[in-house]
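Here the protein sequences come in this chain order: A and B.
When the letters of the first sequence are read in order and numbered with our numbering, they come out as residues 372 to 966.
When the letters of the second sequence are read in order and numbered with our numbering, they come out as residues 118 to 282.
We treat Cβ as the ideally placed atom computed from N, Cα and C, and that holds for glycine.
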Amino acid sequence: MKSESSDSPFSPGGPADGSKPDRESLETLRDLIVGAEREQIEDLRTRLDDPETFALEISRVIPQAILLRSTQDRKLTQALTPTIEEAIKSSVNRNPQPIVDAIAPAMGPSIRKAIAETIRRMIQSFNQALERSMSWQGLKWRVESWRTGKSFAEVVMLHNLVYRVEQVFLIHRESGLSLHHVLAEDTIAQDADLVSAMLTAIRDFVHDSFKTEQEDTLDTMEIGDRTVWVESGSNAVLAAVIRGTPPMELRDKLRETIEQIHLVYREKLSSFGGDTAPFEPVRPLLLDCLQTQYREKRRRISPLFWIIVLAVITGLGAGTVWMIQRHQSAQIALDSLLSEPGITILNSNIRHGTLHVSGFRDPLARDPSTVLAGLDFPSDRIAMKWELFDSLNPAFVMKRARHFLNPPPTVELTLAEGILHFLGHAPHRWITELPGRAMGLTGVHRLEWHDLIDDDVERLKSASAGLKNLMICFDTGKPDLPLSEVESMEKITSVLNVIFTQLDILDEYGEIELTGHTDISGTESLNKELSLKRAQQVESHLIDRGIPSERITVRGVGSSDPVCSEDSETCRQRNRSVTFRLVGLSGPLKDGGKS
Amino acid sequence: MIQKKICMLGAFAVGKTSLVERFVKSIFSDKYLTTVGVKIDKKTVELDGESVNLILWDIQGDDELQTFRTSYLKGASGFILVADQTRAGTLDTAERLCRTAVGTSRQTPFLLAVNKSDLTIDPDFDPVRLTRLESDGWHIVHTSAKTGWGVDEAFSWLARKLTGK
């Protein structure tokens, strides 16, 4: 406040009624007294009276003064508080934006964090509830697919898609003009300029309609399965069109992006006059917001999967066991064929449990099918190809010998170093055929059958020996066959029949010689005649009994060749007889009958 | 690309919507006019080989039936006031809207489209008043949405004014 007070001691003006000379003298006096300080006083007066200068002066000391006072007491704070409160209130009433802008950096992150945490927890519990109610998820999706006409794969994709940012608009806040626009691949978008403007109009409309606070704006819109999230800065807004359920992190991302854009483009945004070219470089920032997240694939594996795995493993195990068993059984079959006499295997292999063999087989060996039948090895699992051969195995040589020689049970065969020995006895016919039968018998170099007894020779010798002991006795002096000897005649006939049969078998010739005898009583000539008659009598009887007459020779020796010396009646009786003898034998039988 | 927000203002049924309908790219239905109170269209104007996108905010008329939302005027680079020469009263509305939207400083370019020029003029529609407005700095274009007459001229004039070309 400028002082115009006239009573100031420094006032240039004196009393209104003062005379000029007085004033001048006073001035002179004043100059004399305070002349040196006058300029300083004048300067001080200016500094105190001129508000600008005074303010300048105070501004020099204010920081120090405040600092000084603050250290002394809290009166300065108390004095300033109402004023500052009033100032803030006034500022907010007039335009809250500067205050909002000022505190937003400090408040924003903590508020965002708190809200994000709350929402995250809420979504988590919601998701869990949803997951639990999704036990028939697959079925539901199928029903949904059928109901909506969408393909099942699309429904699954949509359900697996957590979210996808399809479009991002950077919009000038005041004019609603589109500063930049990006969209994800395969996304069909409407004119970004018009959408930006309309979005702004709708936000304005909502804002006006609900008469909300200045900073309350429409920042979330739900359209079907799409959401529009709007993040506002002071000069521009970022709008993201999202399909699915976006996470709060995305909100943070949008917030960070719009903040970053404001940081870099503050000047360009506030002076925006319609030219969008300077905002081309924001493209990477906007593209960075085009995020996509698919639902994590569930790690939980369906019980059905385990059942299938178990079934497959069981199946494979069973199959393997089955294959091993098949292989083993085929191997056992092969082993038994390998150890089977008379079978020589040249090639063998087992494929898929089927046995393939080829080799030589002795005709006398057991039929392979019979061998395998004993093992319960199915015939359809073997493929055989055999060439016939003669085995030199001693057992087989023996077998072959038995097979071809067909020895009677009374003959024992032994094989030693290629020599086949025969022991025991056998019919003459078999013995005679033996060399022929044994000819070409593989594995037999020589036959040794000298120890073999000829049954038919033996029988002949036996009959012949028996014949010698037989006789027909006659009454004294008579040539007629007494009735008592008829039985003996029968016996003799049967012995002769045996002898002739054996001779036929042995292919030999022989005759029966009947010798008539008499005792020593009487004359020798009569005795000779009588003995001949007796022999002829017997011959006649034998012929009657079927003995061929040409095989019979008769003679009478009288008493010249007695059967025994006549020292008793019994002996004389034996000399009145006819005796029998086999004569005229050919070849081998002469000397004992061995072949 | 230069983009400019233009607000179309005028009384009810002066033909704002019709004025732009045939000359703009539109993706929104007219129903927005009655619901949100604004319909947004785009008109691209070629100026000396350069395209200027005029984003046209067709704002619902101001009368007793509708609430005029001034928030829609924010950030507008220019205004098109529309009057209907068959209804004299629409000029009053245009003047009032001009005061509201453009203000007295007249820093934002604007023009007055006197529409329905193909129809008979309202006897009460005073041409002298137009002359007075013109002398007051108003740019006035006579248009006919029906014939298309004057429409391109109006948009081109405003676009040039906005871009300083």
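So for residue i, helix, strand or coil by DSSP?
i: residue 880(A); result: coil
i: residue 215(B); result: helix
i: residue 709(A); result: helix
i: residue 272(B); result: helix
i: residue 500(A); result: No answer about residue 500(A) holds up, because its pLDDT of 46 lies below 50 and its placement is not dependable.
i: residue 817(A); result: strand
i: residue 158(B); result: strand
i: residue 810(A); result: coil
i: residue 599(A); result: strand
i: residue 132(B); result: coil
i: residue 175(B); result: strand
i: residue 763(A); result: coil
i: residue 420(A); result: helix
i: residue 593(A); result: strand
i: residue 210(B); result: helix
i: residue 916(A); result: coil
i: residue 442(A); result: helix
i: residue 232(B); result: strand
i: residue 563(A); result: helix
Return no unless some Cβ of chain A is closer than 7 Å to the Cβ of residue i.
i: residue 157(B); result: yes
At a CB-CB cut-off below 9 Å, which residues of chain B make contact with residue i?
i: residue 576(A); result: 152, 153, 154, 155, 186, 188, 189
i: residue 592(A); result: Under the 9 Å cutoff, chain B gives no residues; its nearest Cβ is about 13 Å from residue 592(A).
i: residue 546(A); result: 120, 121, 122, 172, 191, 192, 193, 194
i: residue 605(A); result: Going along chain B, no residue has its Cβ under 9 Å from residue 605(A), so there is no contact; the nearest lies around 13 Å.
Going by the DSSP bridge assignment, what does residue i pair with across the sheet?
i: residue 540(A); result: 552(A), 610(A)
i: residue 757(A); result: 730(A)
i: residue 646(A); result: 119(B)
i: residue 623(A); result: According to DSSP, which records beta bridges pairwise, residue 623(A) is partnered with nothing at all.
i: residue 394(A); result: Paired residues: none, contrary to the question.
i: residue 664(A); result: 534(A)
i: residue 787(A); result: 790(A)
i: residue 948(A); result: 844(A)
i: residue 168(B); result: 163(B)
i: residue 721(A); result: 726(A)
i: residue 926(A); result: 886(A)
Closer than 7 Å by beta-carbon distance: list the chain B residues that pair up with residue i, in chain order.
i: residue 543(A); result: 192
i: residue 579(A); result: 186, 188
i: residue 430(A); result: By Cβ distance, chain B contributes nothing, its closest Cβ being about 36 Å from residue 430(A), past 7 Å.
i: residue 641(A); result: Correct list: empty, because the minimum Cβ distance to chain B is about 12 Å.
Is the beta carbon of residue i less than 7 Å from the beta carbon of residue j?
i: residue 912(A); j: residue 860(A); result: yes
i: residue 280(B); j: residue 169(B); result: yes
i: residue 189(B); j: residue 155(B); result: yes
i: residue 564(A); j: residue 159(B); result: yes
i: residue 890(A); j: residue 946(A); result: yes
i: residue 949(A); j: residue 905(A); result: yes
i: residue 515(A); j: residue 612(A); result: no
i: residue 278(B); j: residue 546(A); result: no
i: residue 825(A); j: residue 802(A); result: yes
i: residue 917(A); j: residue 887(A); result: no
i: residue 658(A); j: residue 629(A); result: no
Does any CB atom of chain B fall closer than 7 Å to the CB of residue i?
i: residue 645(A); result: yes
i: residue 564(A); result: yes
i: residue 560(A); result: no
i: residue 572(A); result: yes
Just the chain B side, please: which residues come within less than 8 Å of residue i by C-beta, in chain order?
i: residue 648(A); result: 118
i: residue 441(A); result: Correct list: empty, because the minimum Cβ distance to chain B is about 44 Å.
i: residue 673(A); result: What residue 673(A) touches in chain B: nothing, since even the nearest Cβ is about 47 Å away.
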